[in-house]
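Everything on this sheet refers to the single structure shown next.
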Amino acid sequence: MTSAIVPQPGILDIALYQGGKAKIDGVADVVKLSSNENPFGPSPKAIAAAEASLGALHRYPSTDHAALRCAIGEMHGLDPDRIICGVGSDEIITFLCQAYAGPGDEVLHTEHGFLMYAISARAAGATPVAAPERERTADVDALLAACTDRTKLVFLANPNNPTGTMIGGNDLARLAGGLPPQAILVIDGAYAEYVEGYDGGAALAGARDNVVMTRTFSKLYGLGGLRIGWGYGPAAIIDVLNRVRGPFNLSATQLEAAEAAVRDADYAERCRAENARLREKLAHDLAALGVPSDTSQGNFVLARFASETEAAACDAHLQSRGLIVRRVAGYGLPHCLRITIGDEAACTRVAAAVAEFRAART
Ligand code: PMP
């Protein structure tokens with residue numbers, strides 16, 4: 001007998017999101033390089049702030065996140081009234097889909113775009129649509145060509161996960177300017193802090209009424225475990241998102257830690273610079289071993305292999321050496337491995353393990 005209890009249309013089309021693995025059975029001394037986390041962890045000031053927050057666990061947290069929004073506004077030069085905070089940038093993506101897309105609507109993203117866009121679109125009853133990329137890089141013309149009168153949201157991660165590639169400010173502006181009138185461009189800046197001199201799309205989101213920028217504390221700020229993200233955009237859109245946001249979506253611990261983290265610009269800059277140095281070194285070492293990658297602007301490289309079989313075999317070899325990286329077949333890149341930039345020792349271990357793998361196959 002079939003049950004009368006059924007979810008909303010589209011929900012069962014959602015493929016369950018698989019997080020990065022954290023351990024390997026029977027292997028000690030494991031390094032997790034599968035979730036683009038900051039290997040140095042958060043600022044010590046963020047840890048101290050999180051600990052201090054534990055003294056008031058019986059109190060509800062702030063509902064309007066004013067202190068955190070002001071700190072973000074101060075550090076990034078943005079109007080705090082146009083900022084919204086959420087449980088990771090995932091929650092901001094969810095709010096956008098909930099508030100702006102429904103049955104019959106389309107949510108556009110790039111071919112190798114972050115999986116949450118399609119998940120949130122389907123959860124809202126909308127239809128995700130993927131626009132082709134060029135050489136694993138977002139293609140503005142293809143995105144514009146894929147727009148219809150049903151397109152409500154266009155998600156673009158810049159830099160993109162898992163490719164690491166990004167497009168420039170002129171292309172972003174051209175995309176925003178060419179969208180149909182009912183569509184919002186969401187520039188996902190989860191990795192924006194890794195790019196020196198890039199504002200993550202903030203100026204565009206500040207100037208236009210159809211652009212929202214999302215950001216996270218999970219990457220450069222090393223707070224993936226606490227789940228804090230934010231969005232910035234036109235006042236009218238932020239007002240709409242606040243209406244669907246739960247009143248206590250962030251705990252005091254999340255709010256206090258994030259505020260301390262964003263204020264510790266020196267720590268963030270040290271992490272950014274070390275990531276850039278090690279990313280260049282790892283990409284160079286892999287290329288010398290015959291494993292190319294696109295120039296990455298994030299905290300990972302996308303290593304390309306000749307085939308899916310070779311990528312799977314290299315993944316298995318890395319695991320035997322205690323190194324967990326990410327298969328990205330779910331992103332349409334079965335012949336690639338996404339490798340998070342760890343600390344110096346981790347990067348050295350990865351290069352050595354890939355060298356062993358290549359040596360055994362030639
Ligand atoms: N956008 C992109 C492009 C990401 O890679 C991620 C994390 N994997 C997120 C958003 C979500 O990050 P969080 O919810 O931790 O802020």
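Residue numbers (full-length UniProt numbering): 1 to 362.
Glycine included, C-beta positions come from ideal geometry on N, C-alpha and C.
The model shown is predicted, which means the values in this text are computed figures rather than measured ones.
Three-state secondary structure assigned by DSSP to residue i
| i | result |
| --- | --- |
| phenylalanine 95 | helix |
| cysteine 147 | coil |
| methionine 116 | helix |
| serine 251 | coil |
| histidine 335 | strand |
| tyrosine 194 | helix |
| serine 293 | strand |
| valine 129 | strand |
| histidine 109 | strand |
| valine 212 | strand |
| leucine 16 | coil |
| glycine 177 | helix |
Sequence-distant residues of its chain with Cβ nearer than 8 Å to residue i (five each side left out)
| i | result |
| --- | --- |
| valine 129 | Glu106, Val107, Leu108, His109, Ala146, Thr151 |
| glycine 201 | Asn158, Leu172, Ile187, Gly189, Ala192, Val211, Met213 |
| glycine 290 | Arg358 |
| leucine 143 | Leu108, Thr110, Ala131, Val154, Leu156, Leu175 |
| aspartate 149 | Pro180, Gln182 |
Min CB distance residue i to chain B below 7 Å
| i | result |
| --- | --- |
| glycine 330 | You won't find chain B in this structure, because it holds only one protein chain. |
CA-to-CA distance, residue j to residue i, given in whole angstroms
| i | j | result |
| --- | --- | --- |
| alanine 46 | alanine 52 | 10 Å |
| valine 140 | tyrosine 60 | 44 Å |
| leucine 223 | alanine 329 | 26 Å |
| leucine 16 | valine 244 | 24 Å |
| leucine 255 | alanine 101 | 29 Å |
| tyrosine 198 | alanine 276 | 14 Å |
| proline 162 | isoleucine 24 | 22 Å |
| asparagine 242 | alanine 207 | 20 Å |
| proline 181 | serine 120 | 22 Å |
| glycine 233 | isoleucine 92 | 12 Å |
| aspartate 294 | glutamate 310 | 18 Å |
| tyrosine 267 | serine 43 | 6 Å |
| phenylalanine 95 | alanine 360 | 49 Å |
| proline 7 | leucine 153 | 23 Å |
| isoleucine 11 | arginine 122 | 6 Å |
Nearest-angstrom beta carbon gap, residue j and residue i [assumed within contact, 8 Å]
| i | j | result |
| --- | --- | --- |
| glycine 231 | isoleucine 72 | Their Cβ separation, rounded to whole angstroms, is 10 Å, which puts glycine 231 and isoleucine 72 out of contact at 8 Å. |
| arginine 326 | glycine 20 | 6 Å |
| isoleucine 324 | valine 31 | 7 Å |
| aspartate 188 | phenylalanine 155 | 6 Å |
| glycine 246 | serine 89 | So it is not a contact: roughly 16 Å between Cβ atoms. |
| leucine 78 | glutamate 259 | So it is not a contact: roughly 15 Å between Cβ atoms. |
| aspartate 81 | alanine 235 | 7 Å |
| cysteine 271 | leucine 333 | With 8 Å as the limit, cysteine 271 and leucine 333 do not qualify as a contact, their Cβ atoms being about 26 Å apart. |
| methionine 75 | arginine 263 | 7 Å |
6 Å Cβ shell around residue i - same chain, five flanking residues per side excluded
| i | result |
| --- | --- |
| glutamine 98 | Ala124, Val244 |
| alanine 118 | Pro128 |
| serine 35 | Gly20 |
Own chain partners of residue i with C-beta closer than 7 Å, once the 5 adjacent residues on each side are dropped
| i | result |
| --- | --- |
| serine 62 | Leu255 |
- Task: Count the CB pairs spanning the region 246–253 and the region 84–100 that are closer than 8 Å, and state whether there are at least three.
- Result: yes
- Query: Do the region 290–304 and the region 341–356 make contact, defined as three or more Cβ pairs closer than 8 Å?
  - Reply: yes
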